[in-house]
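Beneath this line is the structure, given in structure tokens, with notes to follow.
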């Protein structure tokens with residue numbers, strides 16, 4: 001042997017299934033594909049599948065300005081380079097979506113997808129900074 | 001224009017990984033392993049013990065190696081797997097007896113465990129980092145598997161030739177520099193920063209749900225068993241098949257093309273499965289009966305040509321049935337636990353393979369390899385029975401319809417989907433009807449309303465940062 005038929009078979013399936021099922025590649029096993037931590041939603045066995053199991057806790061009044069800026073900078077530094085470029089160009093420098101797609105070299109759809117995921121990581125970081133444990 | 005920029009960056013980033021995978025696949029000793037083992041004093045029973053030893057190592061190490069990859073570094077886990085492969089090849093090549101070689105085989109088991117799954121997850125996260133979506137994942141994992149398959153076929157032919165020109169022992173040493181070079185590729189690879197941290201906390205409840213699904217539903221259990229037994233039988237052909245060639249005193253040069261043919265059934269099987277209609281009884285009957293006949297030839301024949309052809313037929317049929325059964329399994333379980341059930345089938349196949357290889361080797365030692373061929377016939381008969389039963393189920397359950405799960409039923413917009421659309425909603429790029437549905441959902445959902453407001457407050461806080469500090473290169 002010394003090749004692994006089981007693995008080859010499983011990989012072939014993974015390759016085949018996404019063409020047939022657009023949810024398959026987000027099947028939860030690959031956590032990074034989705035925007036929000038998938039544990040926060042109810043599962044197939046729960047009363048309301050796919051709805052919030054752990055909804056975001058309400059944020060109190062205005063966020064403390066300096067602390068918020070510091071948390072955001074720290075969280076930005078943790079992002080993958082391309083995600084950081086997209087979100088900084090868009091939300092800090094307020095450039096247009098078209099400009100960013102050109103500058104970063106992604107399609108408009110990819111740009112929005114990156115933006116959506118990057119903003120969620122920054123939101124979760126802010127939630128942590130005001131002591132909301134679920135987002136840790 | 002912009003899309004091709006992404007593709008080019010992605011290609012450049014994944015190139016070192018592909019080089020590493022290609023070099024790691026150059027295991028020159030694999031085609032002549034059984035020949036070499038026979039030369040250093042292995043009999044069939046000892047081969048069975050060796051196979052059982054690494055079959056025990058793989059499932060034991062798979063979970064810890066997954067955790068190591070998640071918490072430490074996936075590039076380094078791939079490097080570790082190369083080191084295990086180098087160590088195994090070196091120790092194998094230095095072996096002059098059974099015990100040392102069995103230890104080498106167990107180190108090889110560590111290589112399998114470290115390698116399996118790590119590559120998939122690293123490619124997946126790289127694609128997500130570069131493009132923000134998983135759309136291109138299938139394309140890239142397909143390319144990387146093609147590199148791996150090509151390396152397996154090339155090394156099969158090259159290894160057989162090298163063994164003929166030098167000695168089987170030399171192929172082990174020739175493998176070492178190639179696999180060691182793979183380390184350079186893995187180290188030059190820029191590892192994605194994203195981590196699958198979401199999976200850790202969930203693991204326990206996930207495993208519990210997966211286990212419940214696998215054991216409660218008889219249909220799922222039957223398909224799971226089909227997948228596991230087919231994988232076990234395939235493993236047995238790859239592990240013990242070369243013993244027929246040893247018994248018939250095949251020359252070393254024949255092992256290369258033989259192994260290349262056997263390895264290529266994995267790819268060819270994948271292509272054929274999508275074209276065969278295994279849900280039709282006639283086709284399924286042929287896929288069951290033809291390899292059974294071929295396995296019976298393995299019991300009776302003393303001809304090298306017949307034995308090799310029969311093994312290729314059996315391996316091809318098992319690849320087809322294996323892929324088909326995994327699709328049945330895919331359709332029979334909810335999407336969230338599919339990967340878990342697939343790896344459950346993998347673990348079960350290793351657990352079945354362990355006693356199977358012990359008995360197979362013992363029987364081959366007592367009665368000759370032809371007699372243990374009967375065990376292969378038995379395994380194929382069981383595979384056939386389970387396959388036919390699974391067809392009956394599909395036919396009764398869904399007359400004339402597509403198998404369940406092929407197309408997910410359209411669902412209402414739930415919170416899980418809404419959060420994926422927030423950037424499009426803020427940008428106003430959603431189609432009118434989706435926008436209306438989203439606003440309708442927001443009106444009745446406190447959680448999503450709070451979520452959207454927090455994203456908007458995050459954007460507002462970002463706009464208050466001084467642009468110069470984070471200006472990208």
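Residue numbers (the working numbering), protein chains in the order written: chain A, 1 to 136; chain B, 1 to 473. Every residue gets a Cβ at the ideal spot worked out from N, C-alpha and C, and that includes glycine. This one's a predicted model, so the numbers in the text were calculated from it and none came from an experiment.
By the Cβ test, the stretch 247 to 263 of chain B is in contact with the stretch 140 to 154 of chain B, since at least three Cβ pairs between them sit closer than 8 Å. A:92 is the residue among A:96, A:92, A:60 and A:97 whose C-alpha sits nearest the C-alpha of residue 122 of chain A. For residue 83 of chain B, the closest Cβ of chain A is not nearer than 8 Å.
When B:103, B:56 and B:173 are compared, the shortest CA-CA separation from residue 30 of chain B is found for B:173.
Of the residues B:76, B:112, B:15 and B:32, the one whose Cα lies closest to the Cα of residue 63 of chain B is B:112. Residue 82 of chain A reaches chain B at 129 and 130, counting residues in chain order whose Cβ is nearer than 7 Å. Residue 452 of chain B is positioned such that its CB atom lies closer than 8 Å to that of residue 442 of chain B.
Taking the Cα of residue 332 of chain B as reference, the smallest distance to any Cα among B:178, B:216 and B:375 is reached at B:216. Spatial neighbours of residue 95 of chain B in its own chain (CB-CB distance under 8 Å, excluding positions within 5 residues in sequence) are listed in chain order as 40, 101 and 104. Within chain B, the C-beta atoms nearer than 9 Å to that of residue 110 of chain A come from 2, 3, 6, 130, 131, 132, 133 and 135, in chain order. Bounds of the alpha helix (DSSP H) holding residue 264 of chain B are 252 to 273. If you draw a 10 Å sphere on the C-beta of residue 80 of chain A, you find 16 or more other C-beta atoms in it, and that means buried.
CA-CA distance, residue 323 of chain B to residue 222 of chain B, rounds to 15 Å. Looking at the DSSP output, residue 52 of chain A shares a beta bridge with A:41. Within the model, the alpha-carbon separation for residue 284 of chain B versus residue 277 of chain B is close to 8 Å.
Burial check for residue 388 of chain B: the Cβ neighbour count within 10 Å stays below 16, so the residue is exposed. B:32 is the residue among B:132, B:32, B:455 and B:371 whose C-alpha sits nearest the C-alpha of residue 165 of chain B.
By the Cβ rule, the stretch 305 to 325 of chain B counts as touching the stretch 377 to 387 of chain B, because three or more pairs are nearer than 8 Å. Residues of the stretch 221 to 255 of chain B with a Cβ closer than 7 Å to any Cβ of chain A, in chain order: 231, 234, 235, 238 and 239.
Think of a sphere of 8 Å around the beta carbon of residue 454 of chain B: the chain A residues whose beta carbon falls inside it are 56, 59, 123, 126 and 127, in chain order.
The alpha-carbon separation between residue 183 of chain B and residue 231 of chain B amounts to approximately 30 Å. In the same chain as residue 87 of chain B, and ignoring 5 residues on each side of it, the C-beta atoms closer than 6 Å to its own belong to 107, in chain order. Sequence-distant Cβ neighbours of residue 181 of chain B in its own chain, meaning closer than 7 Å and more than five residues away, are 23. 8 Å or more divides the Cβ of residue 106 of chain A from the Cβ of residue 7 of chain B.
Taking the Cβ atoms as the reference, residue 354 of chain B lies roughly 19 Å from residue 226 of chain B, outside the contact range of under 8 Å.
When DSSP states are grouped into helix, strand and coil, residue 36 of chain A belongs to the coil group. Three or more beta-carbon pairs separated by less than 8 Å link the stretch 345 to 359 of chain B to the stretch 44 to 64 of chain B, which places the two stretches in contact. By the CB criterion at 8 Å, residue 170 of chain B and residue 161 of chain B fall outside the cutoff. For the stretch 177 to 193 of chain B, residues whose beta-carbon sits nearer than 7 Å to a beta-carbon of chain A comprise 192 and 193. Taking C-beta atoms under 8 Å as the contact rule, residue 194 of chain B and residue 128 of chain B qualify, at a distance of about 6 Å. DSSP places residue 98 of chain A inside the alpha helix (DSSP H), whose first and last residues are 97 to 104. The CB of residue 465 of chain B comes closer than 8 Å to the CB of 69, 72, 73 and 92 in chain A, given here in chain order. Distance from the Cα of residue 110 of chain B is smallest, within the candidate group B:73, B:293, B:131 and B:61, for B:61. One thing to note: residue 457 of chain B has its Cβ no nearer than 8 Å to the Cβ of residue 52 of chain A. Chain-ordered, the chain A residues with CB closer than 7 Å to the CB of residue 451 of chain B read 56.
Counting only the Cα atoms, residue 111 of chain A lies some 57 Å from residue 305 of chain B.
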